[in-house]
Amino acid sequence: MVETVLLATAEEIGRVGYAALRIEDVAERAGVNKTTIYRRWPTKPALVAATLGHFTEPEEPLESGSFREELLSAVRSSCHLWGSALGKGLGRMIQDERALPEVDAIVRTLRDEYRARRRAIIARAVARGEVPEGSDAELLIDVTFAPVSSRMLRSGEPVDDAYLVRLVDFVVAGARAGNAVPRTRG
Numbered sequence: 001m002v003e004t005v006l007l008a009t010a011e012e013i014g015r016v017g018y019a020a021l022r023i024e025d026v027a028e029r030a031g032v033n034k035t036t037i038y039r040r041w042p043t044k045p046a047l048v049a050a051t052l053g054h055f056t057e058p059e060e061p062l063e064s065g066s067f068r069e070e071l072l073s074a075v076r077s078s079c080h081l082w083g084s085a086l087g088k089g090l091g092r093m094i095q096d097e098r099a100l101p102e103v104d105a106i107v108r109t110l111r112d113e114y115r116a117r118r119r120a121i122i123a124r125a126v127a128r129g130e131v132p133e134g135s136d137a138e139l140l141i142d143v144t145f146a147p148v149s150s151r152m153l154r155s156g157e158p159v160d161d162a163y164l165v166r167l168v169d170f171v172v173a174g175a176r177a178g179n180a181v182p183r184t185r186g
């Protein structure tokens with residue numbers, strides 16, 4: 001029953017977004033009474049947070065021993081999420097409904113989980129000596145993942161694997177050259 005309700009919620013988020021999401025519609029889609037949903041998830045934010053946590057569970061980063069391969073795996077996973085119906089609904093939540101405090105809290109939690117996993121990729125690359133000590137992990141995350149979400153969510157431009165490979169190769173080359181290490185002005 002839990003999986004059915006979460007799947008129905010994901011489908012509804014993809015279809016109507018957060019603001020228009022109604023527990024009645026989720027219950028109908030899942031084939032359960034709405035009281036069944038409210039017993040487990042007493043509020044819409046609780047149901048949506050559980051759904052997004054379940055279906056957008058960030059994969060543990062591939063530990064291949066290669067910064068390039070780990071980063072490419074993570075960006076492919078991100079691309080897969082943004083291309084799904086749930087990802088499109090999540091994109092709508094981020095773009096159109098983030099001003100709602102409950103949506104902002106859900107989005108922040110997801111973002112923090114994803115960024116922590118991405119920082120781990122960069123920390124391993126630093127530990128292996130693939131990128132310089134002091135590299136700005138937040139900058140590397142931004143320049144890697146922002147172009148993908150921008151193309152998929154805003155412009156609708158295609159994001160194929162060749163694009164992802166070029167993007168990651170660009171970021172890795174810059175990181176290895178020390179371009180993500182903050183400069184001191186002197």
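Numbering (UniProt numbering), first residue to last: 1 to 186. We put the beta carbon where it would ideally sit given N, CA and C, even for glycine. These numbers were taken from a predicted model, which means no experiment stands behind them.
On a CA-only basis, which of the options is nearest residue i? Give me that one, please.
| i | options | result |
| --- | --- | --- |
| residue 162 | 172, 76 and 156 | 76 |
| residue 89 | 27, 4, 172 and 19 | 19 |
| residue 2 | 16, 47 and 21 | 47 |
| residue 139 | 74, 108 and 119 | 119 |
| residue 142 | 21, 175, 132 and 105 | 175 |
| residue 93 | 28, 180, 10 and 37 | 10 |
| residue 95 | 150, 33 and 29 | 150 |
| residue 74 | 30, 114 and 178 | 114 |
| residue 178 | 157, 168, 155 and 136 | 136 |
| residue 78 | 99, 100 and 110 | 110 |
| residue 181 | 4, 134, 29 and 153 | 134 |
Suppose you measure from the CA of residue i to the CA of residue j; what does that come to, to the nearest Å?
| i | j | result |
| --- | --- | --- |
| residue 7 | residue 51 | 7 Å |
| residue 103 | residue 13 | 12 Å |
| residue 81 | residue 70 | 17 Å |
| residue 197 | residue 130 | Any property of residue 197 remains undetermined from this structure, which presents the chain solely from 1 to 186. |
| residue 67 | residue 172 | 8 Å |
| residue 16 | residue 26 | 11 Å |
| residue 22 | residue 64 | 43 Å |
| residue 84 | residue 159 | 13 Å |
| residue 132 | residue 183 | 13 Å |
| residue 146 | residue 128 | 25 Å |
| residue 33 | residue 54 | 21 Å |
| residue 166 | residue 116 | 24 Å |
| residue 72 | residue 38 | 40 Å |
Exercise. Is it a yes or a no for the region 120-136 touching the region 31-51, going by three-plus beta-carbon pairs under 8 Å?
Worked result: The answer is no - the region 31-51 does not touch the region 120-136, with fewer than three Cβ pairs under 8 Å.
Problem set entry | Complete runs of the alpha helix (DSSP H) confined to the region 77-143 [at least 4 residues] | Restricted to the region 77-143, the alpha helix (DSSP H) segments that are unbroken, complete and at least 4 residues in length are 85-96 and 101-127, listed in chain order.
For this session: Give, in chain order, every unbroken run of the alpha helix (DSSP H) that is at least 4 residues long and sits entirely within the region 35-64.
Result: Counting whole runs of 4 or more residues, the region 35-64 contains the alpha helix (DSSP H) stretches 44-55.
For this session: Would you mind listing the alpha helix (DSSP H) stretches within the region 138-178 that are 4+ residues and don't spill past its ends, in chain order?
Result: At a cut-off of 4 residues, the continuous stretches assigned as alpha helix (DSSP H) that sit fully inside the region 138-178 are 161-176.
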